[in-house]
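The structure appears right after this line, and notes come after that.
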Amino acid sequence: MTLGVYWMQNWREAVLGLCLASSMASMAGCASAPVQEMSDARAAIAEAQRSGAAEHAPLGLSTAESLLNRAQIEIEVQNYLMAREYARQAKDAAVQARIKAQVGRAEPGEARP
């Protein structure tokens, strides 16, 4: 076997190894606990509360809190993909509640539920 053939065989193995390692690393990112998403959701809920969502957007705030609780339950059973999704939904619901609360405070004549 010539040196060129030997190098080509090893080069292919190295590339395959890198592809495999890259695939495993990206899968590990999905399989880890959604720490950042949970933190983002908690921060968004806290901001909604400070903005008066409990008074002006109670349903949106309650939805965000319920979704965050569901995310926590999913973490406890290590279902990280669903936990990540619930955390993202909780953040979105909290942002909407904050916006609604800010609009509600800015327009005091508007009918409220």
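According to mature numbering (1 follows the signal peptide of the UniProt record, and there is no 0), the sequence shown holds residues -28 to -1, 1 to 85 in order. Think of the CB as a built atom: it goes at the ideal place given N, C-alpha and C, for glycine as much as any other residue.
- Setting aside the 5 residues that flank it on each side, valine 67 is surrounded in the same chain by Ala16, each with a C-beta closer than 6 angstroms to its C-beta; the list follows chain order.
- Excluding sequence positions up to five before and after alanine 18, its CB lies less than 7 angstroms from no other CB in the same chain.
- The beta carbon of glycine 32 sits closer than 7 angstroms to the beta carbons of Ala25, Ala65, Gln68, Ala69, Lys72 from its chain, once the five residues preceding and following it are set aside; these are given in chain order.
- Alanine 5 is a Cβ neighbour of isoleucine 47, given a cutoff of 8 angstroms.
- Its Cα nearest to that of threonine 35, the residue Lys63 stands out among Gly76, Gln74, Lys63.
- Going by DSSP, valine 7 is part of the alpha helix (DSSP H) stretching over 7 to 22.
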